[in-house]
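Using this note's numbering, read the sequence shown as starting at 53 and increasing by one per residue. Ideal placement from N, C-alpha and C gives every residue a C-beta, glycine not left out. Computed from a predicted structure; not experimentally measured. Working notes for the structure below.
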Amino acid sequence: MSSLLETKIAARQHALREQGLLRQRKLLSVDHTLNTNASTSSPRFVFEGRAYVNFSSNDYLGLSRVPELAEALHLGAQTYGVGSGASPLVTGYSDAHLALERELCALTGHEAALLFCSGFSANTALMKTLFDQHDIVVADKLVHASIIDGLQDSGAQLKRFLHNSLESAERLLARNQTSALITESVFSMDGDCAPIAELSALCRQHHAWLIVDDAHGFAVLDGYKKAEAAKLIDVQVVTFGKALGCQGAAVLGSQALIDFLVSNAREYIYSTALSPANAALALAATQYSTAHPELQQKLLENIALFKQLCREANVPLLGSDTAIQPLIIGDARQTLQVAEELRAAGIWVGAIRPPTVPVGSARLRITLTAAHAAEDIAACVAQLAQVLSRVGVPLVTERKAADDNR
53 MSSLLETKIA ARQHALREQG LLRQRKLLSV DHTLNTNAST SSPRFVFEGR
103 AYVNFSSNDY LGLSRVPELA EALHLGAQTY GVGSGASPLV TGYSDAHLAL
153 ERELCALTGH EAALLFCSGF SANTALMKTL FDQHDIVVAD KLVHASIIDG
203 LQDSGAQLKR FLHNSLESAE RLLARNQTSA LITESVFSMD GDCAPIAELS
253 ALCRQHHAWL IVDDAHGFAV LDGYKKAEAA KLIDVQVVTF GKALGCQGAA
303 VLGSQALIDF LVSNAREYIY STALSPANAA LALAATQYST AHPELQQKLL
353 ENIALFKQLC REANVPLLGS DTAIQPLIIG DARQTLQVAE ELRAAGIWVG
403 AIRPPTVPVG SARLRITLTA AHAAEDIAAC VAQLAQVLSR VGVPLVTERK
453 AADDNR
């Protein structure tokens, strides 16, 4: 006889499968014959014996495959070992961590930084430690799940403004004694950018902090100049697993804030520190991205090429100018079907379904990188146009339709 938990698990998995929402891992491997010149060829991997061009990665600058950074990781492991061995408040904080924190502060203008093992843990730790039941927090409707989870754990009163709407944000700030406004620099599912300067001005007017999740903007977005971010943003969360191509994250802000998190953030106090080798790698990746602005330029060129080819092929996009190019299909099952047909042609894109996005806005999330070759971008668009025509999916072509349920 099945236990209560076994029955619950089976029922839930069956319901997700019936709705086309079941999530499953896929075991990917490297085809070394395709990656002999990995730093100059389009990103590829092998799944079940077949090679695919990867259009679903957040490795926007292609740094995860740069030989110099592989060597930096190797040197870091040789110097510090492969792990930190303890929490930062025991013996897990080294000069590798300090060097990375100082570099991040120099780049952004913030006073201090605190490292975490992932962007999710950085966001949740910040939210649940900084706020409590006495705080009112205003946030964009599309902020990341890690922010929502952290705010819910904090007990703060959360009020959400219409996506990227200055008018909606100002109304909430005017009506409430708000502690902070939270947004993202680049929204991970829509690929659009927040009006950071304007939101900063509103926050200054209403004496509230501006907190920005900069996961998808750091090292690729020029919306605010380097070393000047702190003039606009009170707290900035950056991750190393996107444009920097490695692992970890940091919260950047005032020295008082970082000291407060060191003393009170349970995720920081009770977790083994990011390995010094990974901190050394993130430092090298940060310096590499700064020293090679041609990577950002190549990414912009690839984005422009993709959008131009989509216009010529009548493939409707949402108008994003970033590496994230969503194509809303709506129905979760049809979204999976389109993604599977693209895979049959050797093109791998993300099929994003609820609850990651609202019901009725399932989409393909196509991501461009500096490493993509022009011929592979052209092949992706050509196959996409063919599949959409063959499947006959009615597509959402206006951003408003994508936002109705948010």
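What separation, rounded to the nearest whole angstrom, lies between the Cα atoms of residue i and residue j?
| i | j | result |
| --- | --- | --- |
| glutamine 438 | leucine 159 | 44 Å |
| leucine 333 | leucine 57 | 42 Å |
| alanine 430 | aspartate 383 | 26 Å |
| arginine 154 | valine 290 | 14 Å |
| serine 306 | serine 173 | 19 Å |
| aspartate 428 | serine 94 | 7 Å |
| proline 406 | glutamine 71 | 10 Å |
| serine 55 | alanine 267 | 41 Å |
| valine 287 | alanine 337 | 22 Å |
| serine 206 | alanine 191 | 14 Å |
| aspartate 456 | valine 142 | Bear in mind that a pLDDT of 32 at aspartate 456, under 50, signals an unreliable position, so the number given afterwards is only what the model happens to contain. Using only the alpha carbons, I get a separation of about 49 Å. |
| cysteine 362 | tyrosine 104 | 20 Å |
| serine 198 | glutamine 386 | 28 Å |
| leucine 309 | alanine 396 | 50 Å |
Taking a contact to mean a Cβ-Cβ separation below 8 Å, would you say residue i touches residue j in this structure?
| i | j | result |
| --- | --- | --- |
| tyrosine 320 | valine 314 | yes |
| leucine 416 | glycine 402 | yes |
| alanine 148 | alanine 331 | yes |
| isoleucine 285 | valine 272 | no |
| serine 81 | aspartate 242 | no |
| glycine 144 | threonine 324 | yes |
| glycine 171 | serine 327 | no |
| isoleucine 341 | leucine 113 | Here residue 341 turns out to be serine, not isoleucine, going by the sequence shown. Taking 8 Å as the Cβ cut-off, serine 341 and leucine 113 qualify as a contacting pair. |
Compute the beta-carbon to beta-carbon distance between residue i and residue j, rounded to the nearest angstrom, for a pair I have assumed lies under 8 Å.
| i | j | result |
| --- | --- | --- |
| alanine 281 | glycine 101 | That belief does not hold up - the Cβ atoms of alanine 281 and glycine 101 are roughly 45 Å apart, past 8 Å. |
| valine 390 | valine 433 | About 14 Å; that fails the 8 Å criterion. |
| threonine 235 | leucine 225 | At roughly 13 Å, the Cβ-Cβ gap does not stay under 8 Å, so threonine 235 and leucine 225 are not in contact. |
I'd like the list of long-range same chain contacts for residue i, defined as Cβ closer than 8 Å, with 5 residues on each side in sequence excluded.
| i | result |
| --- | --- |
| arginine 256 | none |
| cysteine 157 | Glu163, Ala164, Ala165 and Leu304 |
| isoleucine 355 | Asp373, Thr374, Ala375, Gln377 and Leu420 |
| asparagine 366 | Ala437 |
| alanine 177 | Phe168, Gly202, Val303, Leu313, Ala317, Arg318, Glu319 and Tyr320 |
In chain order, what residues of the same chain lie with their CB nearer than 6 Å to the CB of residue i, ignoring the 5 residues before and after it?
| i | result |
| --- | --- |
| leucine 110 | The sequence given here places asparagine at residue 110; leucine does not occur at that position. Only Lys294 meet the Cβ criterion. |
| alanine 425 | Ser94 |
| serine 240 | His268 |
| tyrosine 116 | In the sequence as displayed, the identity of residue 116 is serine instead of tyrosine. The residues are Gly297. |
With a threshold of 8 Å between beta-carbons, can residue i be considered close to chain B, or not?
| i | result |
| --- | --- |
| alanine 67 | Of the protein chains in the structure, only one exists, and it is not chain B. |
Only counting the same chain, and skipping five residues up and downstream in sequence, which positions put a Cβ closer than 7 Å to that of residue i?
| i | result |
| --- | --- |
| leucine 68 | Leu74 |
| proline 140 | Tyr320 and Ala325 |
Pick out the complete alpha helix (DSSP H) segments inside the segment 152-201, 4 residues or longer, and give them in chain order. 171-182
Secondary structure, alpha helix (DSSP H): runs of 4+ residues fully inside the segment 86-153: 119-132
Would you list, in sequence order, the uninterrupted beta strand (DSSP E) runs of no fewer than 3 residues that lie entirely inside the segment 292-371? 301-305
Contained beta strand (DSSP E) runs [length at least 3] in the segment 393-454, N- to C-terminal order: 402-404 and 414-419
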